[in-house]
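Visitor: Position one of the sequence shown corresponds to residue 110 (our numbering), numbered consecutively onward. Before anything else, here's the structure in question.
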Amino acid sequence: MEEIAINLGAKLDIKKPNMIICDDYESMSQKSADLICEVVDNKPEALLCFPAGNSALRTYEILKNRYDEGKVDFSKARFVQLDEWLDLDDESENSTAFTMKNLYMPLRIQPEKIRLFDIHSEDMVAECKSVDAAIFEKGGIDLILLGLGMNGHLGLNEPGDSFSTYSKVVTLDGTTMNVGQKYSSKPTELTRGVTLGVKHIFDAKKVILQVGGKAKADIVKKTFESRPTIDIPGTVMKLIDNGIVVLDRDAASGL
């Protein structure tokens, strides 16, 4: 890892990730949709991974419009969940509910084609290994779309988590606990989650990190002006050759 080499005194150049800066949220969403459709066109049976969250919402609307117009076909694709909250009293507004409402149902994806985490499993370690096995069986993830958390997290890979792990249960960072409230209509206690690990991101054939909005400008600047470090998970994009960062100008304004 670069971080280890740097700690030992090595002087390494900062690798710039492949980056596209779009004029606004709409053009950013269109670009991400273009990249997704390109993968599905080239491999209709692709294994895809998509996040919950408002950053991808317009991208999902565009994908639905293209699907309705017959411009893209997801009927042969398979899907795997990126992450999910654990221990919620009310699961009606969790990540699964979001992606079902805004992505899978509009695209008419059959439930058997979606591999979700069984968040009620009595053995979550075994469940994580089962999700990993399902991914390995398909030859890995063909495309993963990610957002960037306010603390730099990817999925629920929080600051300080290893870059070398696959699916895992995580204790949520305080920032995630606070920011996560925006996805619920009432105060919700957030303590733990389950997520695909950074190693799945490394292994994916294409990685899109999509970040929009002025609120993300500071963490974008911090992420892409820092060397790769587990303290800012988003910096892993500097180590991924098959990754692309898609920003709108507001998110990129600090660069």
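C-beta atoms are modelled at their ideal positions from N, C-alpha and C, and glycine is treated no differently.
#1: Look up residue 277 in the DSSP assignment and give the residues it is bridged to.
#2: Let me know the secondary structure DSSP gives residue 145 once reduced to three states.
#3: With a CB to CB cut of under 6 Å and the five nearest residues on each side skipped, what residues in its chain are close to residue 224?
#4: For residue 237, which option in 198, 193, 256 and 267 has the closest C-alpha, if you only look at C-alpha atoms?
#5: Looking at the structure shown, is residue 259 part of a helix, part of a strand, or coil, going by DSSP?
#6: Which of the three DSSP states is assigned to residue 224 in this structure?
#7: Could you tell me which residues DSSP pairs with residue 240 in its beta bridges?
#8: What are the start and end residues of each continuous alpha helix (DSSP H) run of 4 or more residues lying completely inside the segment 154-184, in chain order?
#9: Quick check on residue 260: buried or exposed, where buried means 16 or more other Cβ atoms within 10 Å of its Cβ?
#10: Mind checking if residue 174 is an interface residue toward chain C, Cβ cutoff 8 Å exclusive?
Guide: Short version:
#1: Within the DSSP secondary-structure output, residue 277 pairs in a beta bridge with 304.
#2: Reduced to three states, the DSSP call for residue 145 is helix.
#3: The beta carbon of residue 224 sits closer than 6 Å to those of 189 and 243, all from its chain and outside the five residues before and after it, given in chain order.
#4: Here the closest residue by C-alpha is 193.
#5: Looking at residue 259 - three-state DSSP - the assignment turns out to be coil, as it is neither helix nor strand.
#6: Residue state, collapsed to three classes: strand.
#7: Residue 240 pairs with nothing; no bridge assigned.
#8: Counting whole runs of 4 or more residues, the segment 154-184 contains the alpha helix (DSSP H) stretches 166-177.
#9: The residue is buried, with at least 16 neighbouring Cβ atoms inside 10 Å.
#10: Included in the structure is just one protein chain, with no chain C present.
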